[in-house]
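So the sequence shown is numbered by full-length UniProt numbering: it starts at 1 and just counts up by one.
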Amino acid sequence: MDQVERSAQLISNDFDKQKVVFSKFKTELDTISKQIKSGGTHSVDGIGETLDVIRKENTKLKSELIDVQMRSMRNNLIFYNIPESEGEQCTHIINKFCVKNLKIENVDTKLSIAEAYRLGKHGEKTRPILVKFSNFESRDLVKKSAKNLKDTCFGISEQLPLDIQKRRKEKLPILKDLRERDIKAYFVKDLYKDNDFLNLINDYNILFLSETWLKDNNLLVIDGFDRISCVFRNKNIGTRNEGGIAVFCKSFLCNGIIVEKELNDGIILLKLDHSFFDTDKDIFICFSYVPHERSNYYQLCDIDFHDIIESIVNNYSDKGIVLVCGDLNSRIGELSDFLLNDDLDKYVESVEHVVNPIISDRSSMDKTVNAFGRKLLQMCFNTGLVVANGRLCNDKNGNFTFCTAKGRSVNDYLLVPRANVD
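So this is what it looks like as structure tokens:
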């Protein structure tokens, strides 16, 4: 009962959020209407500007409403072609269906259904059953078991807002065309065009994406960008795809960016041609995703990402300027990332004394240090790279790069040559 009550409370909360969205929209319309009636807008241009405001607000609120609907439908599934009978109890029918047709054992303990009922008016056709599960785990188990319905008349689908259904219907011909060309394209469960994301990345010319969770020839497309490189992990711990990195850039930069290396474990090395970008030297960017230090991935693959990255930096340092960036899953706290000038030449005459440029101390909001963090610092000592986080541009405080309900940390880094810190 506790799970049912929590589920009902979540549905109630989502409904309240929808009411807030509609109330906000109505308030905006009332305000604009009063401005027009009071004579605040006399010209045609003024009315046009007011209508533009209405359209933008409408688009924004519609997006917020869809987001609320998606969250409220997250644990829902629709069952098709299950025979209908008078006085039926849909929850009991679904439990029996899961045992008999989906081959799920111990349904009473593994599944928790908050509510189940037929959709639409009673008629000649068999009505589908909407099932609201109390938790995502139950919903996910049923969804994964749907493969047992192959070659039967039954079907299971996610519940989606009408707007999302419409968008999928419009893109269905494209999906079919891609599959006919043997491209593994598919609709992703609750994702839709995110205008906020597109607006955010529109200000950037090059995108570095980590943990794409793609594999083989899966298609990844971002409006306004061309794909430069996409690396898939060869080995995964479980059944789902994991890891993976990709690089995108604006079209006008494509001719100046060359892929030097692609390592399937999660490393891409790019060269930014000096003649194209009008720089003194070529710029090499080593982009990587390093699985966290406790990942079972290291049981499958004997690999040291830090050693590989260090080797790349050392091999290309004579060819140009080398930068390192990505999700390195290394926590270095506020430990120093460079060695101070030593006095070795006082004692050994053959050693040439090199004066390193003086750079500012680094700040970080993450005070924790882990094993991979110490490996990263050692790599900095060996290569002469230093951490840009907490030192350069607008990140003087070393802001968190990873934030969840469970905690925050700095795992993503940009490393630059010490001589180029100014």
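Built from N, CA and C at the ideal position, the CB exists for glycine as well.
Task: Status (buried if at least 16 other CB within 10 Å, exposed otherwise) for Gln-69 - done: Buried.
Task: Endpoints, alpha helix (DSSP H) assigned at Ile-308 - done: Its alpha helix (DSSP H) spans residues 305-316.
- [ ] Assign Pro-173 to buried or exposed, taking buried as 16 or more other Cβ atoms, counted over all protein chains shown, within 10 Å of its Cβ.
- [x] Exposed, since its Cβ has fewer than 16 Cβ neighbours within 10 Å.
TODO: Note down, in chain order, each residue of its chain lying with its Cβ closer than 7 Å to the Cβ of Ile-201, except the 5 sequence neighbours on either side.
DONE: Sequence-distant Cβ neighbours of Ile-201 in its own chain, meaning closer than 7 Å and more than five residues away, are Leu-207.
Task: Residues of its chain near Glu-115, where Cβ-Cβ distance is below 7 Å and the 5 sequence neighbours each way are ignored - done: Once the five neighbours on either side are set aside, the close Cβ partners of Glu-115 are Lys-132.
Task: CA nearest to the CA of Leu-340, picked from Arg-418, Lys-100, Ile-257 and Ile-303 - done: It is Arg-418 whose Cα lies nearest to the Cα of Leu-340.
- [ ] Could you pull out every residue in the same chain whose Cβ sits closer than 8 Å to the Cβ of Ile-359, ignoring the five residues on either side in sequence?
- [x] For Ile-359, where only same-chain residues beyond five positions count, the Cβ hits under 8 Å are Phe-338, Val-386, Arg-391, Arg-418 and Val-421.
Open item on the list: Check for me: the beta strand (DSSP E) holding Thr-368 runs from which residue to which?
Closed with: For Thr-368, there is no enclosing beta strand (DSSP E), as DSSP marks it with neither H nor E.
Open item on the list: I'd like to know whether the C-beta atoms of Arg-374 and Gly-398 end up nearer to each other than 9 Å.
Closed with: No, the Cβ-Cβ distance between Arg-374 and Gly-398 is not below 9 Å.
Task: Ile-94: first and last residue of the uninterrupted alpha helix (DSSP H) it sits in - done: Start and end: 90-100.
Open item on the list: Within the continuous beta strand (DSSP E) that includes Leu-253, where are the two ends?
Closed with: It is not in any beta strand (DSSP E) - Leu-253 carries neither H nor E in the DSSP assignment.
- [ ] Grab me the residues of Gly-119's own chain with a C-beta within less than 8 Å of its C-beta, minus the 5 sequence neighbours each way, in chain order.
- [x] With the sequence shown as reference, residue 119 is identified as Leu, and Gly is not the correct amino acid for it. Excluding sequence neighbours, Leu-119 sits near Ile-78, Arg-127, Pro-128, Ile-129 and Leu-130.
Task: Expected contact under 8 Å - CB spacing of Asp-163 and Ile-66 to nearest Å - done: Contact between Asp-163 and Ile-66 holds: CB atoms are separated by about 6 Å, below the 8 Å threshold.
TODO: Kindly indicate which three-state DSSP category Pro-173 falls into: helix, strand or coil?
DONE: The three-state secondary structure of Pro-173, taken from DSSP, is helix.
- [ ] Using a threshold of 9 Å, state whether the C-beta atoms of Ser-157 and Tyr-80 are closer than that.
- [x] Taking 9 Å as the cut-off, the beta carbon of Ser-157 is found closer than this to the beta carbon of Tyr-80.
- [ ] May I ask you to verify whether the segment 311-326 touches the segment 286-299, counting CB pairs closer than 8 Å and requiring at least 3?
- [x] Verdict: yes, contact present.
- [ ] Assign Val-221 to one of three DSSP states: helix, strand, or coil.
- [x] In the structure shown, Val-221 falls within a coil segment according to DSSP collapsed to helix, strand and coil.
Task: Integer Cβ distance of Ser-409 from Arg-294, believed to fall under 8 Å - done: With a contact defined as Cβ atoms closer than 8 Å, Ser-409 and Arg-294 miss out at about 14 Å.
- [ ] Measure the C-alpha to C-alpha separation of Glu-242 and Gly-320 and round it to an integer number of angstroms.
- [x] The C-alpha of Glu-242 lies about 33 Å from the C-alpha of Gly-320.
Task: Local Cβ density within 10 Å of His-92, reported as buried at 16 or more and exposed below that - done: By the neighbour-count rule (16 or more Cβ atoms within 10 Å), His-92 is not buried but exposed.
Task: Three-state secondary structure (DSSP) of Cys-380 - done: Annotated three-state conformation of Cys-380 is helix, per DSSP.
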